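Here's the structure we're looking at; comments come further down.
Number of protein chains: 2
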Amino acid sequence: MTTLKNDTFLRALLKQPVEYTPLWMMRQAGRYLPEYKATRAFAGNFLELCRNVELATEVTIQPLDRFDLDAAILFSDILTIPDAMGLGLYFETGEGPKFERPLQSEGDIELLAVPDMDKLRYVFDAVSSIRQALGGRVPLIGFSGSPFTLACYMVEGGGSKDWRTLKTMLYSRPDLLHRILDINARAVTAYLNTQIEHGAQAVQIFDTWGGVLSHAAFQEFSLRYMQQVISGLKREHEGRRVPVILFTKGGGQWLEIMAQSGADALGLDWTCDIAQARARVGSQVALQGNMDPFALFGTPEAIRAEVARILEGFGPGSGHVFNLGHGINQFASPEHAKILVDSVHELSRPYHI
Amino acid sequence: MTTLKNDTFLRALLKQPVEYTPLWMMRQAGRYLPEYKATRAFAGNFLELCRNVELATEVTIQPLDRFDLDAAILFSDILTIPDAMGLGLYFETGEGPKFERPLQSEGDIELLAVPDMDKLRYVFDAVSSIRQALGGRVPLIGFSGSPFTLACYMVEGGGSKDWRTLKTMLYSRPDLLHRILDINARAVTAYLNTQIEHGAQAVQIFDTWGGVLSHAAFQEFSLRYMQQVISGLKREHEGRRVPVILFTKGGGQWLEIMAQSGADALGLDWTCDIAQARARVGSQVALQGNMDPFALFGTPEAIRAEVARILEGFGPGSGHVFNLGHGINQFASPEHAKILVDSVHELSRPYHI
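Sequence lines, in order, name chains A and B.
In terms of our numbering, the first sequence opens at residue 1 and continues consecutively.
In terms of our numbering, the second sequence opens at residue 354 and continues consecutively.
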């Protein structure tokens, strides 16, 4: 077990004193980096890249070689679990993820089961490999889609503007959706625990689509199952606490109830005012976020001003991990990403004296 | 001037006593109605339907003949103003609105000007015609897109998943965006005032895309210009107050600042908890909303339960106009829409004793 050289990220998640505000960027290993595009081209396609342990390790490390980031995140897809359930994940060029066999009938749903974790071994192997490659530089974040977000794709068969198929089930056959969600929650728990056992030092649950629900439906169909996951997670490993970050895109209205989920930190999208968010959650959880990814399309001065605004909004003290409010855009400039990273480190020091 | 037979909607917006909670449905004249589809087919296409005073009147009245709605809303498009500015609005089959000549250069933006309202005469003629056709059954709502929402399409050239072009301008050349927004605000003010002069008895500003902004950017680029519009509106006509409704989709986090805009009521999308929303805005404004449009895809019992939940959330007293949290979906069943309308009227009476 290598000593962790930079544990600022983990300390901030636990609201322990830090010297500066740590940061990472959602989708930091991605298409905005030419070196990522080269590796992906070599792999053939996105899924092959996820399944190739050596190449997945390579792209995970790439952004750390360029930027002074405080955490690495496993390179993988949020839909590996339903793929392992047999739904047949695939990507069409220029489009989002799709399933060959979505859940289209009550029979499909009856047959659904928690997959054998052995089918996801390529993910756990990547976790081990990345940990080794990191050599203790920064902590490694593991992740999963939330039970609800997985269900969105599993029922709809792919991405959707309005999730009509999913919502029709939610409002007409909630019993079927609850069955899917319970299986997903058990699968996500096993999946994250196995990532932790293989070396993930923090885990994030991506609830990308929870924000399309009503307040009441969010509690019943998304938050409840994330709580089920969190309550089943291994929270200590290698002698350290393994923090859990909950990120519901569009969940800014629901921070109070999310803060009671058992998570250590909440991810904020860019629509949230981080000062208000901190006042609302108090000392219950740390916060992660929340610059608009498109602020990187501004001038260097505008990027620094936006960083300063968010740091000032959170204010003094630990409990803030800087991030974008959503994944970095594929057309963002790596030079501007560097300005972001360096500005956060430089401008945050006065808040940690 | 005909006497208004049912002014429940206007009274609720002004928080005056009512006998039941009034309702209308966003996009109530639309593709979910076979009679609408027939008229639209006759017109040839959507824009021809908007521009034909007789047919626009016909489709505006259609949902009132089917359902016991408490307001009519002008049938038109939110992008009539930029079309009148010369940007060339068009629709491709199955796609959203597009502009032939979006604002692509600084020169385009310099040439932009408030259009001659005479170019929008077909809209004002429709307002007059609908008022006459209504004969005082229910009030007529006029509307406009918000300055920011118009700018989204004007800069991007059409709809977008992430509004990258618009946001690049926002973060790199905010001065250019401010120029567009100021012109839009002046145009929207003149447009709504002319609708009011022609008989619109309430007006709604649709800020469909304000919710894609950060809290800070929302205030600077959307709310500020809606306030400019509201401060220039004619608030009395035909001896009655003309209420203004502000609807920012995805704006649930910002209700407190929106309540100070000068609007009489705020529209809520379905993600908001209406009980919390009422507590947050206090007595400053009425609220309109906010059932998930996809709740209409549930069983009749589920629809009634959702209506009951929202009515209970708002609680006793006036100041609530029931609505969907977004436009009714084209695949919704008219029979289920009728269940919604009748349930709201029936179940709301106990809250107004």
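Glycine is no exception: its CB is placed at the ideal position from the N, C-alpha and C atoms.
Every value quoted in this text rests on a predicted model; they were computed, and no experiment measured them.
For A/Tyr-171, the nearest CB of chain B lies under 8 Å from its own CB, placing it at the interface with that chain.
Bounds of the beta strand (DSSP E) holding B/Asn-643 are 639 to 644. Within chain A, the residues Ser-214 have their CB atoms less than 7 Å from the CB of B/Trp-623, given in chain order.
The three-state reading of DSSP puts B/Glu-589 in strand, counting E and B together.
The residue from A/Val-155, A/Gly-210, A/Ala-187 with its alpha-carbon nearest to that of A/Thr-168 is A/Val-155.
Contact of B/Arg-662 with chain A by beta-carbon distance below 7 Å involves Ala-216.
Within its own chain, the residues whose Cβ lies closer than 6 Å to the Cβ of B/Gly-512, once the five positions on either side in sequence are excluded, are Gly-449, listed in chain order.
Here A/Ile-274 really is in contact with A/Phe-314; their C-beta atoms are around 5 Å apart, less than 8 Å. Considering only beta carbons, the part of the stretch 165 to 199 of chain A lying closer than 7 Å to chain B consists of Lys-167, Thr-168, Tyr-171, Ser-172, in chain order.
With respect to A/Leu-296, A/His-352 sits apart: the two C-beta atoms are not nearer than 8 Å. Residue-level contact check: A/Asp-70 does not touch chain B, since none of the beta carbons of chain B fall below 8 Å from its beta carbon. Taking CB atoms only, A/Asp-292 has a neighbour in chain B less than 8 Å away. Neighbours of B/Thr-433 in chain A, taken as residues whose beta carbon is under 7 Å from its own, are absent, since the nearest beta carbon is some 24 Å off. For A/Ile-230, the uninterrupted alpha helix (DSSP H) run begins and ends at 224 to 231, by DSSP. Secondary structure at A/Asp-207: strand, using DSSP grouped into helix, strand and coil. Nearest Cα to A/Trp-163 within the set B/Gly-498, B/Pro-703, B/Val-697, B/Phe-684: B/Phe-684.
Judged by beta-carbon spacing, A/Leu-55 lies beyond the 8 Å limit of A/Pro-243, meaning their Cβ atoms are not closer than that value. Secondary structure note for A/Ile-180: its alpha helix (DSSP H) is the uninterrupted segment 174 to 197.
One alpha carbon belongs to B/Glu-665, the other to B/Ala-538, and they sit about 37 Å apart.
Per DSSP, B/Lys-691 has no beta-bridge partner at all. For B/Tyr-704, DSSP assigns no beta-bridge partner whatsoever.
If the five residues before and after A/Arg-31 are omitted, its C-beta is found closer than 8 Å to the C-beta atoms of Lys-37, Arg-40, Gln-330, all from its own chain and listed in chain order.
Contacts with chain B (Cβ-Cβ distance below 7 Å) from the stretch 272 to 289 of chain A involve Cys-272, Asp-273, listed in chain order. In this structure, B/Gly-495 is the residue among B/Val-491, B/Gly-495, B/Ile-462 with its C-alpha nearest to the C-alpha of B/Asp-478. When secondary structure is reduced to three states using DSSP, A/Thr-8 falls in the helix class. Below the 8 Å Cβ cutoff, chain A contributes Asp-162, Arg-164 as neighbours of B/Asn-682, in chain order. Using a Cβ-Cβ distance cut-off of 8 Å, the stretch 461 to 480 of chain B and the stretch 547 to 564 of chain B are in contact, since at least three pairs of beta carbons, one from each stretch, lie closer than that value. If you draw a straight line from the Cα of B/Pro-387 to the Cα of B/Phe-362, it comes to about 26 Å. Of the candidates B/Ala-661, B/Thr-652, B/Gly-672, B/Gly-672 places its Cα closest to the Cα of B/Gln-637.
The closest CA to that of B/Arg-490, considering only B/Asp-418, B/Ser-525, B/Met-470, B/Ile-681, is found on B/Asp-418. For B/Gly-666, the enclosing alpha helix (DSSP H) covers residues 653 to 667. Nearest to B/Pro-375 by C-alpha distance, out of B/Val-412, B/Ala-382, B/Asp-421, is B/Asp-421.
By alpha-carbon distance to B/Leu-440, the top candidate from B/Gly-397, B/Leu-503, B/Ala-396, B/Gly-603 is B/Leu-503. Counting only unbroken stretches of 3 or more residues, the beta strand (DSSP E) elements lying wholly within the stretch 433 to 502 of chain B are 442 to 444, 450 to 452, 493 to 498, in sequence order. In this model, B/Leu-576 and A/Ala-302 are separated by some 21 Å (Cα to Cα). The three-state reading of DSSP puts B/Ile-681 in coil, since its state is none of H, G, I, E or B.
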